[in-house]
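Peer 1: Counting from 524, one number per residue, gives the positions in the sequence shown under the working numbering.
We put the CB at the ideal spot given by N, CA and C, even for glycine.
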Amino acid sequence: MKDLLSLEINEIENTMKDLGEPTYRASQIFSWLSKGITDFNEMKNLPKELKEKLSRDYSIVNPIIRSQQISREDGTRKYLLEFQDGNAVEAVLMKYKYGYSICISSQAGCRMGCRFCASTVNGLSRNLSSGEMLSEVLTVEKSLVEKSLRKDNLRIGHIVIMGTGEPLDNYNNVSKFIRLVHEPKGLNISMRNITLSTCGIVPMIDRFSEDFPQTNLAISLHGVNDEIRSSMMPINNKYPVADLIAAAKRYTEKTGRRITFEYTMVNGINDSDEDGEKLANLLRNMLCHVNIIPLNKVEGSGFDTVSKQRAFEFAKLLEERNIKATVRRELGGDIDAACGQLRLKNNH
Ligand code: SAH
524 MKDLLSLEIN EIENTMKDLG EPTYRASQIF SWLSKGITDF NEMKNLPKEL KEKLSRDYSI
584 VNPIIRSQQI SREDGTRKYL LEFQDGNAVE AVLMKYKYGY SICISSQAGC RMGCRFCAST
644 VNGLSRNLSS GEMLSEVLTV EKSLVEKSLR KDNLRIGHIV IMGTGEPLDN YNNVSKFIRL
704 VHEPKGLNIS MRNITLSTCG IVPMIDRFSE DFPQTNLAIS LHGVNDEIRS SMMPINNKYP
764 VADLIAAAKR YTEKTGRRIT FEYTMVNGIN DSDEDGEKLA NLLRNMLCHV NIIPLNKVEG
824 SGFDTVSKQR AFEFAKLLEE RNIKATVRRE LGGDIDAACG QLRLKNNH
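#1: For Ala848, count the other beta carbons within 10 Å of its own beta carbon; 16 or more makes it buried, fewer makes it exposed. Which is it?
#2: Here's a check: name, in chain order, each residue in its chain whose Cβ is nearer than 7 Å to the Cβ of Cys633, leaving out the five neighbours to either side.
#3: How long is the line joining the alpha carbons of Val725 and Glu565, rounded to whole angstroms?
#4: Report buried or exposed for Arg548, applying the criterion of at least 16 other Cβ atoms within 10 angstroms of its Cβ.
#5: Which runs of the alpha helix (DSSP H), 4 residues or longer, sit entirely within the region 726-786?
#6: What residue from Arg773, Tyr774, Glu776, Leu806 has the CA that sits closest to Tyr786's CA?
#7: What are the partner residues of Glu797, as DSSP defines its beta bridges?
#8: CA-CA distance, Ser617 and His812?
#9: So, are the CB atoms of Ser753 and Ser652 less than 8 Å apart?
#10: Kindly examine the ligand SAH and report whether one of its heavy atoms sits closer than 7 Å to the Cβ of Ile816.
#11: Which class does Asn870 belong to by DSSP, given the choice of helix, strand or coil?
#12: What's the C-alpha gap between Phe735 and Ala803?
#13: Output the distance between the C-alpha atoms of Ser817 and Ser830, rounded to the nearest integer angstrom.
#14: Quick one: is the Cβ of Phe639 within less than 7 Å of any heavy atom of the ligand SAH?
#15: If you draw a straight line from the C-alpha of Glu664 to the C-alpha of Lys801, how long is it?
#16: Mind checking which residues open and close the alpha helix (DSSP H) that includes Asn838?
#17: Alpha carbon to alpha carbon, what distance is there between Val615 and Lys839?
#18: So Ile588 packs on Leu577, CB below 8 Å; how close in whole Å?
#19: If I'm right that Ser732 touches Arg773 with Cβ under 8 Å, what's the distance once you round it to whole angstroms?
#20: Between Cys722 and the ligand SAH, is the CB less than 7 Å from at least one heavy atom?
#21: Could you have a look at Val584 and say whether DSSP puts it in helix, strand or coil?
#22: Are the region 744-759 and the region 621-638 touching, with three or more C-beta to C-beta distances below 8 Å?
#23: For Phe607, count neighbouring Cβ atoms within 10 angstroms of its own Cβ and tell me buried if that reaches 16, exposed if not.
#24: How about Ile684 and Leu719: are their beta carbons less than 8 Å apart?
#25: Taking just the CA atoms, how far does His705 sit from Met714?
#26: If we ignore side chains and look at the alpha-carbon of each, how far apart do Gly779 and Asn716 end up?
#27: Specify, as a first and last residue, the run of the alpha helix (DSSP H) that Met539 falls within.
#28: Tell me, to the nearest whole angstrom, how far the beta carbon of Ser550 is from that of Lys708; I am working on the premise that it is less than 8 Å.
#29: So, at 8 Å on beta carbons, what are the nonlocal neighbours of Asn870 in its own chain, with the 5 sequence-adjacent residues on each side left out?
#30: Please report how far the alpha carbon of Asp541 lies from the alpha carbon of Ile532, in whole angstroms.
#31: Could you pull out every residue in the same chain whose Cβ sits closer than 8 Å to the Cβ of Thr775, ignoring the five residues on either side in sequence?
#32: Tell me whether Val704 counts as near the ligand SAH, meaning its Cβ is closer than 7 Å to at least one heavy atom of that ligand.
#33: For Met656, which residues of its own chain have a beta-carbon under 6 Å away from its beta-carbon, when the five flanking residues on both sides are left out?
#34: When you compare the CB positions of Ala834 and Ile846, do they come within less than 8 Å of one another, or not?
#35: Which residue marks the beginning of the alpha helix (DSSP H) containing Lys620, and which one marks its end?
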């Protein structure tokens, strides 16, 4: 069975040609898929024989919502979505004034090995297909409609690729996913409303800025020099800080877009005033913004967090040196949905 949800419209058009069908059927099918329809019988404007042919050769990814947690603090919802092969990933829905934003996973597990992150503890299970990533958005959106949470007419308008997985380690599928959600006949999400976060795979950052100059990029920096960064993130041994900053500069020069540096603060590792000063020097004159995240504790990692107050002091120190900085509003802390806590408690 082929995965229909992973196909772009032009690919569905080719399929229609192969089946001897008019190509406009492709748009009809694509728009049903984008509404979250997963049963060919519900595609009401398709002829019966076409529906039969499609259901013989194609399946539509339809993960089961295995569990759902709702934060009492802020209404953030965490979904555990299970695919047919038993792999489960998490997607997190956050509500902002301007609408819903969803944080999706790009891989089941992760092989980057960041020492403070829960997602990488069991390594990489497998890449997700573009259709599976799209199904995270569609499944969550459908559940909003069913629960009439859309009374307020807010839709999922923003996507952050910041859940489990390293998106630039699954580039082909992630880039296809971005094109799928951007498609005007589908979810029609603006490239500017999509953010990809990477641990810093330098050559792929260049590729990304070439392919998606309008999409936002966030880089997980966390350390001001190689010694600190390598002690937290093995990827730094391959692509050291200087190379990463050079790639970030190429991105801003090419795209004219402001880059976000994520800076997870860890007690005694990267949280001193001196670290702040070094960070300000490193980023001087760059078109950038620093997003400070007090570490979310992960059992067994040995890393400790910092107080909210320390995070704000650190932000202030950066601001005083003309570096834009904010402390990330942590959503869903009480349901383990915050960064790095997307650990699958059942070993999937
Ligand atoms: N692989 C991508 C995206 C996933 S992680 C990346 O590395 O950017 C999203 C962000 O959360 C990254 O900045 C990551 O370093 C950070 N993060 C991971 N674990 C965390 C933790 N326990 N506390 C705070 N931030 C964490």
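Peer 2: Let me lay it out:
#1: buried
#2: Ser642, Thr643, Leu647, Thr687, Gly688, Glu689, listed in sequence order.
#3: 44 Å
#4: buried
#5: Fully enclosed alpha helix (DSSP H) runs of 4 or longer: 749-755, 758-761, 764-778.
#6: Leu806
#7: Partner(s): none; Glu797 has no beta bridge.
#8: Before going further, note that residue 617 is Met rather than Ser in the sequence given. If you take the alpha carbons of Met617 and His812, they lie about 21 Å apart.
#9: no
#10: yes
#11: Low confidence applies here, because Asn870 scores a pLDDT of 48, under 50, leaving its location unreliable and the question unanswered by this model.
#12: 28 Å
#13: The identity of residue 817 in the sequence shown is Pro, whereas the question assumes Ser. In a straight line, the C-alpha of Pro817 is about 7 Å away from that of Ser830.
#14: yes
#15: 43 Å
#16: Reading the sequence as shown, one finds Ala at residue 838 and not Asn. Its alpha helix (DSSP H) spans residues 831-843.
#17: 29 Å
#18: The Cβ separation is near 25 Å, so there is no contact.
#19: 7 Å
#20: yes
#21: coil
#22: yes
#23: Before going on, a small fix: residue 607 reads as Gln here, not Phe. Burial call: exposed.
#24: yes
#25: 7 Å
#26: 16 Å
#27: 532-541
#28: That pair is a contact at about 5 Å.
#29: Because the pLDDT at Asn870 is just 48, under 50, the model does not fix this residue reliably, and the point stays unresolved.
#30: 14 Å
#31: Arg781, Ile782, Met809, Leu810, Cys811
#32: no
#33: Ile627, Phe700
#34: no
#35: Where Lys620 is concerned, there is no enclosing alpha helix (DSSP H), given that its DSSP letter is neither H nor E.
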